[in-house]
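Data first, discussion second: the structure below is written as structure tokens.
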Amino acid sequence: MRSSTSSSEAEVLRADWPRTLTATALLVLLLLGGWEVFWRTRGFEPSVSDDARLWSAARHRVRPDSVVLVGSSRMHAGVHPSDFQQATGILPVQLAVNGGMSYPVLENLARDQSFRGTVICDLSEAEVTTGMTTYLETGFVNSYEHETLAGRAESRLQMFAQAHLVLASPQLSPPLLEAAALQGRLPAPATSPATVGEDRTLYLDFTKADLEKLRPKIADMTVAQGPDISPEEFVARARRFVSLAEKIEARGGRVVFVRFPTSELLWERLEKAYPKASYWDEFARRTHVQTVHFKDYPELQFDCPDYVHLDMRDAPRFTSALAKIVFAKR
Amino acid sequence: MVFNSLTFFVFFSVVLCLYYLPLSWGARKAILLAASYVFYGVWNPPFVLLLLFTTVVDWLTARWMERTEKERTRKALLLLSLVSNLGLLSYFKYGAFVLANFTAMLAAMGIHYSPPAHDIVLPVGISFYTFHTLSYTIDVYRQRLRATPRLTDFALFVSFFPALVAGPIIRASHFLPQLETPKRANRDQFGWGLTLIFVGLFEKVVLADALLAPVADRVYAATVNAGMVSAWTGTLAFSGQIFFDFAGYSTCAIGAALCLGFGLTKNFDYPYAAVGFSDFWRRWHISLSTWLRDYLYVPLGGNRASAPRVYANLMLTMLIGGLWHGAAWRFVVWGGLHGTYLVTERLLKSVLKKRAVAQTQPAPVPVAEGGFVLLSGRFAQVALALVTYALVCVAWVFFRAQDFASARGVAAAMIGRRREFMPLDAGMVAALAVVALMLVAHWRMRDTDLAEVAGRIPVWLRPLILTFLVVSIFFTLLSGDSRAFIYFQF
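Order-wise, the sequence lines are chains A and B. Mapping to our numbering: the first sequence position 211 is 397, numbers consecutive. Mapping to our numbering: the second sequence position 118 is 109, numbers consecutive.
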């Protein structure tokens, strides 16, 4: 039976709504609960996506005097905020982007007139020489700059759900389930060596990685990134990073450029392309901004299983050592 | 805040809890008013001031208008309301458009002019709430409505959150009387209201966003690759996307209002089953088409003028209606096409009527004012509805395309003048299936109502259908890939 208060209004269905809605609520709970239990028994665990929302939430945690970690996956995997806090008593904000670059994030902090804290910035020869940025960190910064209050609240709710419910896991999103169904299989828990925590700590577990395949890929990719330029040109190209640092320092802040560990074959190749003595050291000599190169500190020398990233077991010690160096230099 | 978000579920739950506290009607209205401002403010807090400004100006204007008997003062006050409302709308929505066209015009005359950067954010919903308030001041001027003495009631009418940012465009004459007596949804209103929210969200997040939008986006992003089949597929997908997107929003709005005990006007009435274009505009975005009819078309002379004047009025109304949708010439072209369709339909009707009189046969029977029956019989009516739909889709090309080059590309492909480089895939087939089902549903439901159809569903099946809707929405929302409502940009 229908009813309405006006001819122009939508009709209303008269029914036994308490019973209908209670039955619906029970069915929904049963289905979602069953779904959750099913995937948990298959080994899935709640996990958050390391996406623009998570980054933006971290960026919102930056206070005027915060310590901020900026950079690529080297910084992301190598510095764990909780270990940094253990070493210094300060909990830094992790803004490094896995697969991204430093410049757009450093630029965002330089533009933020309220920020006068400390930036520990990962700087590599490839980023200095090519000046490249990626859609990842630029997208993250854009997303943060245009985020509304409603968007922020939505991100928090989504992340809360992801952190506590398997059914909200990105691994079980409708497109991935559909793809698995088309292949006639059930999705399996991710065996990726990389997992991310709610505070954006990246845990890289190389015991789960196929290093035989990974190492040649990383070596080719990294060496191919840099052009053949002179040390003078290198210093000139690094100037754009320095000018951002100067803006932050002019407000009373501080920036430290860090060259992260690189191992074995890749370090040898990089040394041939951009010898530390004539490139990095020259840059360090000609800038007043503080620099830290891993080769100058025995306590920062770790073996990177894939040549460029620290394993999650080494990251706490590296973090602690770096934090002490950065704050001792002050 | 958008309806298709977890935030809205939390917000609406809190609002319902507070609204149904055992408080006075004044306190409960204050809760709704505060909630509406929060709903709007979380998007961009400073624009709350704009909403407040519009509200206060129109409330004061209408009050003053009612107190004075001098016609000149009343006219001046109406002008003040029109200038302040349309001025703000023009500045925020059309400022950049006017400047760009002015610069282009000067360039065509050989004068180089570089205007200063015009980087203005369009306040969400300004086109909707401007029309809410204008209907009020115009009705008070026409003495068809008493000015409300309570500013808070008027503020709630302007900002009522279910309809604030994307309609339906509410009229003061319909809404303000509802504030006079305490409102509490009864069980039927509450249950049906929740059902409408779920139906609307399903239309939006599952049908529009997940199934249709990817196909339309793909075709319109690479129009050079589109041939006849893919261009039609993309355009048909968009016709479904925009319907489910906008009708979905309206359904949610009506449902949310109903849960609070308020009635909003119907905004869509199965438009793709329309036979002819006057019928289409009685079924599509009803609150806008009736607004334009009452506050623009009729004051211009409406149907009562000479035939050429009526055609000019129709065309002008549709051109302005097109421009209301967006500050771009392609929206004007979209409105112009609909104006042309309506004028052609009138001409055709007039010719057929004259011929029938000349042959002393009965004239074509008007279905309703403006509608017509060219051919009788069920199949002929279906054929006419399909022709109407196809022509509506042709107009959608200009609405959806990013620019005229893309629109021309798709239009050329639709008439077979482009080679196909985009073979049909599973997504396109699924989109076509959804569109086909939508057309069948519109045709079968054109003379009925959702509540009537739902009433025919067996009682045991209703919770199962609701569960399917809720679970689908839940998974899509949690996947986090939600799109804004298309009509938010208007």
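We treat Cβ as the ideally placed atom computed from N, Cα and C, and that holds for glycine.
One or two residues paired with residue i in a DSSP bridge
i	result
A380(A)	L390(A)
T448(A)	None; T448(A) has no bridge partner.
T477(A)	F443(A)
I306(A)	L255(A) and V442(A)
Q280(A)	L255(A)
Same chain, Cβ closer than 6 Å to residue i, five either side skipped, listed in chain order
i	result
F3(B)	none
R437(A)	R302
Y85(B)	A318
L287(B)	T308
Beta carbon of residue i nearer than 8 Å to that of residue j
i	j	result
L147(B)	L14(B)	no
G418(B)	P262(B)	no
S72(B)	D49(B)	yes
Y211(B)	A21(B)	no
F189(B)	L460(B)	yes
A296(A)	K433(A)	yes
K174(B)	G292(B)	no
A244(B)	P159(B)	yes
E57(B)	R137(B)	yes
E323(A)	G286(A)	yes
E502(B)	V220(B)	Absent from the model: residue 502(B). The displayed extent of chain B is -8 to 481, so no value can be given.
T320(A)	R423(A)	no
A349(A)	V223(A)	no
Interface flag, residue i vs chain B, CB-CB below 8 Å
i	result
Q344(A)	yes
E340(A)	yes
L213(A)	yes
L217(A)	yes
P502(A)	no
A354(A)	yes
R499(A)	no
Any chain A beta carbon closer than 8 Å to residue i
i	result
Q180(B)	yes
G446(B)	yes
V462(B)	yes
W34(B)	yes
S150(B)	no
R453(B)	yes
T139(B)	no
L251(B)	no
F38(B)	no
V6(B)	no
T458(B)	yes
D208(B)	no
D144(B)	no
V1(B)	yes
G362(B)	For G362(B), the pLDDT reaches just 48, beneath the cut-off of 50, and the residue's location in the model is therefore unreliable, although a value from the coordinates is still provided. No, because no Cβ of chain A sits closer than 8 Å to the Cβ of G362(B).
Under 7 Å by beta carbon: chain A residues contacting residue i
i	result
M(-8)(B)	A336
W183(B)	V198 and L199
Same chain, Cβ closer than 7 Å to residue i, neighbours up to 5 away in sequence not counted
i	result
G330(B)	L305, M306, M309 and L310
H266(A)	T387, A501, P502 and T505
Y10(B)	R19, I22, L23 and L251
A421(B)	L202
Contact list for residue i against chain B, beta-carbon separation under 8 Å
i	result
A347(A)	L(-3) and L469
W203(A)	R178, D179, F181, G182 and W183
P360(A)	A201, F466, T467 and S470
Under 7 Å from the C-beta of residue i: neighbouring residues of chain B
i	result
L388(A)	By Cβ distance, chain B contributes nothing, its closest Cβ being about 20 Å from L388(A), past 7 Å.
L322(A)	By Cβ distance, chain B contributes nothing, its closest Cβ being about 17 Å from L322(A), past 7 Å.
A209(A)	P454
Own chain partners of residue i with C-beta closer than 8 Å, once the 5 adjacent residues on each side are dropped
i	result
V442(A)	T304, V305, I306, C307, V475, Q476, T477, V478, V512 and K515
R226(A)	V352
R338(A)	S242, A243 and H246
Under 9 Å from the C-beta of residue i: neighbouring residues of chain B
i	result
T206(A)	G182, T186, V450, R453, P454 and L457
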